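Please read the structure below before turning to the comments.
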Amino acid sequence: MTPLRRSNMFREQTKVTDPVLLDRSGETGPVGCGPILPASGAETKPLRVQVFEHVRASGRAARADVTRALGISPGSASAATADLIAGGFLREVEDHPREPGRGRPPVALEVVPERALVIGMKLAEDRFSAVLTDFSGRHLAEAAQPSAPHRREVDEMVDEIEALVTALLDRAGVALSEISALGIGAPGIIDHDSGVAVWSPLFTERDAAIKGPVEARLGVTVEVDNDTNMLTLAELWFGAGRQTTDFAVVTIEQGVGMGLVLGSRLFRGSRGMGMELGHAKVQLDGALCRCGQRGCLEAYIADYALAREAATALERPTRNMASAETLLESLYAHAKSGDQGAATIFRRAGRYLALGLANVVQLFDPSLIILSGQRMRYDYLYADEVLVEMNRLVLPSGRLGAPVEIHAWGDDAWARGASALALAAATANLLEAP
């Protein structure tokens, strides 16, 4: 296969799309949220939880649909749904009413949306954002606030989180006592099980506990995870990944992150801290990364890495994230206007991205790779030559590499993913409790 033909064939499977995350705030019918899971005998959740999650994922489902989807008997389905209706989790609704005189209209089940409310929040180096979501996954309200451009101690972070929660609830006219769970996505290496930021650019110290102090302050269940995992959950629960069993999400913003879904479930690694693509080494003794080590992938393609080179190319110093943003926009404008020095910086970053993506394909063989984050505005990072380079670095196997899609999400999508984390926690607390 010649390089040119290879490029053309790969281009056919590469899409730059508008965001497909479902905006359910103005929906007129049941849409559903959550992964659409295939029936599996290995499922360990209680049957009532499986039934509830299937109905929520479907938006609306008849008992016969539940029976077929989960591979259970009609009697088991009836008993589980009766229990969920009695508990106020599901309700019966007419499904496609028939004409008068044509018999009893068919009955379906749907989630009672007001049964629980949750909050999803994204913490970033320049802006915090949060969304309020009901138990069916419907987006009710959102709020955001600027973030101080410096590292902080845990107490200061808890103050900022509380302030944003208060602003969100005030806007929605909801009391804190009505919130069942809060999901938080933060950059860095996050231990999901303990809710500890092992390392994060937001904190002055390592091993910064987030979960415990926020729970103590707000009195709600708190779940914390890496922010890229939150964007991956947004795809899995609300977006393109709902019916895709295996896919990877790679994000490029202030840092470089990766989320991985295997078997329609988020994969974190054996200790919950895997998928740190940004800190995979691509050059021994290479560029200095903000984690303190050298040669990490993000030290070549993240915001601060590009700004570092842009400051030299444009002869402008960078003092903070705001000036870095301005530098990157100026660098991109120069590159698009024909400045070869500026274009070379982006092309070099694109080659390092190709190397990182090739490693993802080689290790996990995903059916889809989604590139996301603010830097996806820079087309140099997904130009034909970048994608051809990615394929070139993968062992030949007689087939094309993984399809690539570009989703340029805003901050709200990350917070929506964090709300999925909170929904899962609230579901477990409410439905798995004795």
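Quick note on our numbering: the sequence shown kicks off at 12 and runs consecutively. Glycine is no exception: its CB is placed at the ideal position from the N, C-alpha and C atoms. On a predicted model such as this, the values are computed, not experimentally measured, just so you know.
- Residue 262 sits buried, since 16 or more C-beta atoms from the chains shown fall within 10 Å of its C-beta.
- Rounded to whole angstroms, residue 212 and residue 364 show a C-alpha spacing of 21 Å.
- C-alpha of residue 164 to C-alpha of residue 197: approximately 14 Å in a straight line.
- Close CB contacts of residue 320 within its chain, under the 6 Å cut and outside five residues either way in sequence, are with 356 (chain order).
- If you check the CB distance, residue 146 and residue 437 come in under 9 Å.
- The alpha carbon of residue 43 has as its nearest neighbour, out of 91, 294, 250, the alpha carbon of 250.
- If the five residues before and after residue 94 are omitted, its C-beta is found closer than 6 Å to the C-beta atoms of 59, all from its own chain and listed in chain order.
- The Cβ-Cβ distance between residue 288 and residue 268 falls below 9 Å.
- Counting along the chain, residue 352 sits inside the alpha helix (DSSP H) bounded by residues 351 to 375.
- Unbroken alpha helix (DSSP H) runs of no fewer than 4 residues, entirely contained in the stretch 257 to 331, are found at 309 to 312, 314 to 324, following chain order.
- For residue 191, no alpha helix (DSSP H) run applies; the uninterrupted beta strand (DSSP E) run containing it begins and ends at 190 to 197, by DSSP.
- DSSP, read as helix, strand or coil, puts residue 232 in strand.
- Relative to the Cα of residue 176, the nearest Cα in the group 187, 80, 310 belongs to 187.
- Boundaries of the alpha helix (DSSP H) harbouring residue 69: 58 to 69, taken from the DSSP string.
- If you draw a straight line from the Cα of residue 150 to the Cα of residue 144, it is about 5 Å long.
- Judged by DSSP in its simplified three-state form, residue 438 adopts helix.
- Residue 127 sits away from residue 133, with the two beta carbons spaced by 9 Å or more.
- As a beta-bridge residue in DSSP terms, residue 237 pairs with 197.
- Rounded to the nearest whole angstrom, the CA to CA distance from residue 378 to residue 402 is 14 Å.
- For residue 86, the enclosing alpha helix (DSSP H) begins and ends at 85 to 97.
- For residue 64, same chain residues with a beta-carbon under 8 Å away, outside a window of 5 residues either side, are 45, 48, 56, 438 in chain order.
- Residue environment analysis places residue 216 among the exposed positions, since fewer than 16 neighbouring C-beta atoms fall within 10 angstroms of its C-beta.
- Secondary structure at residue 217: coil, using DSSP grouped into helix, strand and coil.
- For residue 177, the enclosing alpha helix (DSSP H) begins and ends at 165 to 183.
- Here the alpha carbons of residue 104 and residue 341 stand approximately 55 Å from one another.
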